[in-house]
Amino acid sequence: MGMMSMSRGEVVRADFSAPAHTLFFPFLELLLITALCWMAVGFMDQPGSAWDVNLRNGLVGLWVALSFWRFGLPVIRARRRRFIVTNQRVIARAGTLRPRVDSIPFHQIHSVRRRRGGISIAVYGYDRPIFFGNVPKARRVEQMIGKSLHRVPVRQ
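The sequence shown begins at 321 in my numbering and counts up by one.
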């Protein structure tokens, strides 16, 4: 897990990454980019055309760059995004290349709600809840955190 480490006696109860449906539109963009670029390459490769080979190779390079930018990077971000519930805390990692890790112990959580496909966690000392969007199986995660809140004794 890289920067995230578990303490002694901590057990992972749920470990989720971004759902697959978040990659639907990047996949459609990949199909469109591939179709347009390779139709142009096919047009350049037809017999009797006088297109420069370097121009054709540049178009293939453009296809690689656009494909990585519009599909490769979203796949990397989606796979790096994690939401973990243990028996002691909630850990959330952003999907960026240098991710920020949020760790919220259960004794600091006031309440949890499911909202718009994500989870809102109300933390003591904050005026607004912290929202984590696109959490897979949000209903199950909400129930799991809610049950854990009732078992944790309040520390003073």
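C-beta atoms are modelled at their ideal positions from N, C-alpha and C, and glycine is treated no differently.
Original post:
Going along the chain, which unbroken runs of the alpha helix (DSSP H) with 4 or more residues stay wholly within the segment 381-458?
Top reply: 393-400
Original post:
beta strand (DSSP E) containing Ala338: first to last residue?
Top reply: Where Ala338 is concerned, there is no enclosing beta strand (DSSP E), given that its DSSP letter is neither H nor E.
Original post:
Would you say Lys457 and Phe336 are within 8 Å of each other, going by their C-beta atoms?
Top reply: yes
**OP:** Measure the alpha-carbon distance for Ala489 versus Ser369 and round it to whole angstroms.
**Re:** Given a span of 321 to 476 for the chain in the structure shown, any question on residue 489 remains unanswerable.
Original post:
Shortest alpha-carbon distance to Trp340 belongs to which of Asp447, Ile441, Met464 and Val395?
Top reply: First, the residue type needs correcting, since residue 340 is Ala and not Trp in the sequence shown. It is Val395 whose Cα lies nearest to the Cα of Ala340.
Original post:
Can you tell me whether DSSP reads Met464 as helix, strand or coil?
Top reply: helix
Original post:
Going along the chain, which residues of its own chain have a beta-carbon closer than 6 Å to the beta-carbon of Asp550, five neighbours each way excluded?
Top reply: Lying outside 321 to 476, the shown extent of the chain, residue 550 is not represented and no answer is given.
**OP:** Put Met364 into one of helix, strand or coil per three-state DSSP.
**Re:** helix
Subject >> Own chain residues within Cβ distance below 6 Å of Gln408, not counting five before or after >> reply: Glu330
Subject >> Nearest to Met464 (by Cα), restricted to the options Ile450, Phe426, Val443 and Tyr444 >> reply: Phe426
**OP:** Can you tell me which of the three DSSP states Glu330 falls into?
**Re:** coil
**OP:** Note down, in chain order, each residue of its chain lying with its Cβ closer than 7 Å to the Cβ of Ser431, except the 5 sequence neighbours on either side.
**Re:** Ala442
**OP:** In angstroms with no decimal places, state the Cα-to-Cα distance between Gly322 and Arg401.
**Re:** In this prediction, Gly322 has a pLDDT of 49, which is less than 50 and means its spatial position is unreliable; what the coordinates show is noted afterwards. Near 12 Å, if we compare the C-alpha coordinates of Arg401 and Gly322.
Original post:
So, helix, strand or coil for Ala370, using DSSP?
Top reply: coil
Subject >> Distance between Val384 and Leu352 (C-alpha atoms, nearest Å) >> reply: 13 Å
Original post:
With C-beta atoms as the reference, is Val332 less than 8 Å away from Ile404?
Top reply: yes
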